[in-house]
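Chemist: Below you will find the structure I want to go over with you.
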Amino acid sequence: MSLYDKKHVAYSGRLVIVGFGSIGQGVLPLIVRHIDMPASRISIVTAEPRGREVAAEYGIEFVELALTRANYREVLDKRLGAGDFLLNLSVDVSSVALIEFAQAKGAFYLDTCIEPWAGGYTDPSLTPSQRSNYALRESARALRAKFAGGPTAVLTHGANPGLVSHLVKEALLDIARDTGAAPAKVPSSRGEWAGLAAGLGVKVIHIAERDTQVAKYPKKVGEFVNTWSIDGFVGEGSQPAELGWGSHEKTFPADGKRHEFGCDAAIYLMRPGAGTRVRSWTPLEGPYHGFLVTHNESISIADYYTVETAGKIAYRPTVHYAYHPCDDAVLSLHELAGKNWIMQPAKRLMMDEITTGMDELGVLLMGHKKGAYWFGSRLTIEESRKLCPHNNATSLQVTVAVLAGIVWAIENPKAGPVEADEMDHVRCMEVCRPYLGTVVGAYSDWTPLKDRERLFPERLVRDDPWQFDNFRVA
1 MSLYDKKHVA
11 YSGRLVIVGF
21 GSIGQGVLPL
31 IVRHIDMPAS
41 RISIVTAEPR
51 GREVAAEYGI
61 EFVELALTRA
71 NYREVLDKRL
81 GAGDFLLNLS
91 VDVSSVALIE
101 FAQAKGAFYL
111 DTCIEPWAGG
121 YTDPSLTPSQ
131 RSNYALRESA
141 RALRAKFAGG
151 PTAVLTHGAN
161 PGLVSHLVKE
171 ALLDIARDTG
181 AAPAKVPSSR
191 GEWAGLAAGL
201 GVKVIHIAER
211 DTQVAKYPKK
221 VGEFVNTWSI
231 DGFVGEGSQP
241 AELGWGSHEK
251 TFPADGKRHE
261 FGCDAAIYLM
271 RPGAGTRVRS
281 WTPLEGPYHG
291 FLVTHNESIS
301 IADYYTVETA
311 GKIAYRPTVH
321 YAYHPCDDAV
331 LSLHELAGKN
341 WIMQPAKRLM
351 MDEITTGMDE
361 LGVLLMGHKK
371 GAYWFGSRLT
381 IEESRKLCPH
391 NNATSLQVTV
401 AVLAGIVWAI
411 ENPKAGPVEA
421 DEMDHVRCME
431 VCRPYLGTVV
441 GAYSDWTPLK
451 DRERLFPERL
461 VRDDPWQFDN
471 FRVA
């Protein structure tokens, strides 16, 4: 039996998929392929008609109905019971509301981000802090004590957030091995993992991603084009730029703000993430400008790897996303910003029309003895099409991580609400790796100061290249 036919787990409950956009359509064939359960026990509830033909291909019930504050309990009540699974891949549906509902029903849960009700990302009555991913994460974390030991609810487990947390652990072990600092045993607790990162001297972690996929049809004026959820990307891109704030940072951004509640592991900037550029590096792209789009992992990784001594922060890495989407998405963002963040009237998700390109997605760990180390996935559009139908290179990195989260939840049924950083990275990578194309690690002497000031002087922090001000591009 090949890895692509293996049943990872048998499951006797019902599975309800809420939302059936690019990720829902892409994960369905993986679920059918790798989870031993009849198709008759899977159903889809979604606000839009797209994907109906994909559901029909696999004999899956398809219900076109938008979940709202007013109807979600009634709609889901007859579909979920003890031991069933609620897979939330929607937009504009509150993750916290669905988690609480699933817990009350005794059902499993998984999402790829903490989503608010419609308008929560851009509601002008809310402060930037209240619209942040930090606030959304804190609202979900507040459920942990209430539902400790309850049915497993996997929070934010797609490619990023999700898969990248497992890549960080593999990268740390690689650096430890290559610098002669390998631990006697693989860390098994938060404290041990944080101690390893601190001991290695990792100061900065970027989720460094470059999407080079190209479609046969160029972007049109008034059209937003992307390789994954357009509504999801615009929503998170309109939130404040956010990053985990490291203990080594000596300066503070002029427009930076701290939150007045929660774990205090992150800060935000008074500007949208899709309008904030940062410098980063991947092995194939080399140096590039990415967007500092907010993501849950920027906060959760910084929080997880924090070391406290006598009630004070002794170590914490700076963590953020540095995203260079496909070139048509960059043009779309440029147009969106010019319209003061009011979305274009037309939207196009790139899938079948993609002709070439890859998604180079990984984590870049910097500040240790060997400088910089990128570890991640290089997945081409050609590979993704061979590996799994209804996916492109970007979506498959997400959908296989969703599959891994489902498998882990079923195998660990009483973990309560849990984030990727707390899960078994070995098991999750075992499920994901066959679908990630080429998984590579690469060291580099790149720093954010390299080749700077060739044309103009800049205000740089020379004594430590790993300061956030050195990464940021106004």
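Residue 1 is where the sequence shown starts when you use my numbering, and the numbers rise one by one after that.
The beta carbon of each residue, even a glycine, is placed where N, CA and C say it ideally should be.
(1) Would you check if the distance between the CB atom of H295 and the CB atom of P183 is smaller than 7 Å?
(2) What's the C-alpha gap between A197 and N133?
(3) Could you compute how far the alpha carbon of W245 sits from the alpha carbon of R348?
(4) Whole angstroms is fine: what's the gap from F261's alpha carbon to D231's?
(5) The beta strand (DSSP E) with W281 in it runs from where to where?
(6) For I381, which three-state DSSP category applies?
(7) P448 to R279, Cα distance in whole Å?
(8) Assuming contact is defined by CB atoms lying nearer than 7 Å, are W281 and P272 in contact in what I supplied?
(9) Go through the segment 174-222 residue by residue and report every complete run of the beta strand (DSSP E) that reaches 3 residues or more, in order.
(10) Measuring straight from C-alpha to C-alpha, what distance separates G83 and V221?
(11) For S247, which residues of its own chain have a beta-carbon under 6 Å away from its beta-carbon, when the five flanking residues on both sides are left out?
(12) Between A302 and H206, how many whole angstroms is the CB-CB distance? I'm expecting something under 8 Å.
(13) Pop quiz: G199 and A181 are said to be a contact at Cβ under 8 Å. What is the actual Cβ separation, rounded to whole angstroms?
(14) In whole angstroms, what is the alpha-carbon distance linking L110 and T68?
(15) Excluding the 5 residues preceding and the 5 following C326 in the sequence, name in chain order all residues of the same chain whose CB lies nearer than 6 Å to its CB.
(16) Can you tell me which of F108, S384 and V363 puts its alpha carbon nearest to the alpha carbon of D352?
(17) Per DSSP, which residues does R258 bridge with? Please list them.
(18) Take the Cβ of T356 as the centre, count every other Cβ of all protein chains shown within 10 Å, and call the residue buried at 16 or more, exposed below.
(19) When you compare the CB positions of L243 and H320, do they come within less than 7 Å of one another, or not?
(20) So the candidates are V440, A55 and V293; which of them puts its Cα closest to the Cα of L284?
(21) Is the CB-CB distance between Q25 and Y121 below 7 Å?
(22) Using CA coordinates, which residue listed in K370, I354 and F375 is at the minimum distance from L364?
(23) Hey, how far is the Cα of E477 from the Cα of K386?
(24) Taking the continuous beta strand (DSSP E) assigned at K347, which residues delimit it?
(25) Rounded to whole angstroms, what's the CA-CA distance from F291 to D255? Just pull it up for me.
(26) Across which residues does DSSP place G244 in a beta bridge pair?
(27) Tell me which residue opens and which closes the alpha helix (DSSP H) that S95 is part of.
(28) Apart from the five residues on each side of it in sequence, which residues of its chain come closer than 8 Å, Cβ to Cβ, to A55?
(29) Do you know how far the Cα of E335 is from the Cα of V96?
(30) With H, G and I counted as helix, E and B as strand and the rest as coil, what does DSSP make of S12?
(31) Assuming V431 contacts L403 under a Cβ cut-off of 8 Å, what Cβ separation, rounded to an integer in Å, is found between them?
(32) Would G89 and I23 be called neighbours here (beta carbons separated by less than 7 Å)?
(33) From this set, T380, H390, G201 and P38, which residue's C-alpha is nearest M358's C-alpha?
(34) Looking at the secondary structure, which residues open and close the beta strand (DSSP E) in which E249 lies?
(35) Tell me whether M350 is buried or exposed, calling it buried when 16 or more other Cβ atoms sit within 10 Å of its Cβ.
(36) Contact defined as beta carbons within less than 8 Å: I believe A241 pairs with L333. What is the distance between those atoms, to the nearest angstrom?
Modeler: In short, the structure shows the following:
(1) As a position in the sequence shown, residue 295 is number 295, starting the count at 1. As a position in the sequence shown, residue 183 is number 183, starting the count at 1. Contact flag unset, no.
(2) Within the sequence shown, numbered from 1, the residue matching residue 197 stands at position 197. Within the sequence shown, numbered from 1, the residue matching residue 133 stands at position 133. Between A197 and N133, the C-alpha separation is close to 24 Å.
(3) Position 245 of the sequence shown, counted from the first residue, corresponds to residue 245. Position 348 of the sequence shown, counted from the first residue, corresponds to residue 348. Going from the Cα of W245 to the Cα of R348 covers about 35 Å.
(4) If you number the sequence shown from 1, residue 261 lands on position 261. If you number the sequence shown from 1, residue 231 lands on position 231. Cα to Cα, the separation comes out at about 28 Å.
(5) In the sequence shown, counting from the first residue as 1, residue 281 sits at position 281. Taken as a continuous stretch (DSSP letters only), the beta strand (DSSP E) holding W281 covers R277 to T282.
(6) On the sequence shown, position 381 is the one that residue 381 refers to. Helix at I381.
(7) Numbered from its first residue, the sequence shown carries residue 448 at position 448. Numbered from its first residue, the sequence shown carries residue 279 at position 279. Spanning the two alpha carbons is a distance of roughly 7 Å.
(8) Locating residue 281 in the sequence shown gives position 281, counting from the first residue. Locating residue 272 in the sequence shown gives position 272, counting from the first residue. In this structure, P272 does not lie closer than 7 Å to W281 by Cβ.
(9) 204-211
(10) Here residue 83 corresponds to residue number 83 of the sequence shown, with the count starting at 1. Here residue 221 corresponds to residue number 221 of the sequence shown, with the count starting at 1. Rounded to the nearest angstrom, the two C-alpha atoms are 48 Å apart.
(11) Against the sequence shown, residue 247 aligns to sequence position 247. Excluding sequence neighbours, S247 sits near I313, Y315 and R316.
(12) Locating residue 302 in the sequence shown gives position 302, where the first residue counts as 1. Locating residue 206 in the sequence shown gives position 206, where the first residue counts as 1. With 8 Å as the limit, A302 and H206 do not qualify as a contact, their Cβ atoms being about 12 Å apart.
(13) Mapped onto the sequence shown, residue 199 falls at position 199. Mapped onto the sequence shown, residue 181 falls at position 181. Between the beta-carbon of G199 and that of A181 there is about 6 Å, and that keeps the pair under the 8 Å contact cut.
(14) Here the question's residue 110 lines up with position 110 in the sequence shown. Here the question's residue 68 lines up with position 68 in the sequence shown. Cα-Cα distance, rounded: 19 Å.
(15) The sequence position of residue 326 within the sequence shown is 326, counting from 1. Closer than 6 Å at Cβ, skipping near neighbours: D211, Q213 and T227.
(16) Here residue 352 refers to the residue found at position 352 of the sequence shown. Comparing Cα-Cα distances from D352 to each of F108, S384 and V363, the minimum goes to S384.
(17) As a working mapping, residue 258 is identified with position 258 in the sequence shown. DSSP, once it has assigned bridges, lists I267 as partnering R258.
(18) Taking the sequence shown and counting its residues from 1, the one referred to as residue 356 is at position 356. Exposed.
(19) Walking along the sequence shown from the start, residue 243 turns up at place 243. Walking along the sequence shown from the start, residue 320 turns up at place 320. In this structure, H320 lies closer than 7 Å to L243 by Cβ.
(20) Start at 1 with the first residue of the sequence shown, and residue 284 comes out as number 284. The shortest C-alpha separation from L284 is found at V440.
(21) In the sequence shown, residue 25 corresponds to position 25, counting from 1. In the sequence shown, residue 121 corresponds to position 121, counting from 1. Taking 7 Å as the Cβ cut-off, Q25 and Y121 do not qualify as a contacting pair.
(22) The sequence position of residue 364 within the sequence shown is 364, counting from 1. Residue F375 is the option with its Cα nearest to L364.
(23) Since the displayed the chain opens at 1 and closes at 474, residue 477 lies outside it and no answer follows.
(24) Looking up residue 347 in the sequence shown gives position 347. The continuous beta strand (DSSP E) containing K347 extends over residues A346 to L349.
(25) Here residue 291 refers to the residue found at position 291 when the sequence shown is read from its first residue. Here residue 255 refers to the residue found at position 255 when the sequence shown is read from its first residue. Rounded to whole angstroms, F291 to D255 spans 17 Å at the Cα level.
(26) Within the sequence shown, residue 244 is the residue found at index 244, counting from 1. Answer by DSSP bridge pairing, in chain order: A266 and V319.
(27) Here residue 95 corresponds to residue number 95 of the sequence shown, with the count starting at 1. Note, S95: alpha helix (DSSP H), S95 to K105.
(28) If you number the sequence shown from 1, residue 55 lands on position 55. F20, L28, I44, E61 and F62, listed in sequence order.
(29) Numbered from 1 along the sequence shown, position 96 holds the residue referred to as residue 96. Numbered from 1 along the sequence shown, position 335 holds the residue referred to as residue 335. In a straight line, the C-alpha of V96 is about 33 Å away from that of E335.
(30) Taking the first residue of the sequence shown as 1, we reach residue 12 at position 12. Correct three-state label for S12: coil.
(31) Indexing the sequence shown from 1 puts residue 431 at position 431. Indexing the sequence shown from 1 puts residue 403 at position 403. Confirmed, about 6 Å.
(32) Against the sequence shown, residue 89 aligns to sequence position 89. Against the sequence shown, residue 23 aligns to sequence position 23. The sequence shown places Leu at residue 89, rather than the Gly named in the question. Yes, Cβ-Cβ distance for L89 and I23 is below 7 Å.
(33) Numbered from its first residue, the sequence shown carries residue 358 at position 358. For M358, the nearest C-alpha among the options comes from T380.
(34) Your numbering for residue 249 matches position 249 in the sequence shown. First-last for E249: undefined, no H or E at that position.
(35) As a position in the sequence shown, residue 350 is number 350, starting the count at 1. Buried, because 16 or more other Cβ atoms sit within 10 Å of the Cβ of M350.
(36) In the sequence shown, counting from the first residue as 1, residue 241 sits at position 241. In the sequence shown, counting from the first residue as 1, residue 333 sits at position 333. About 13 Å; that fails the 8 Å criterion.
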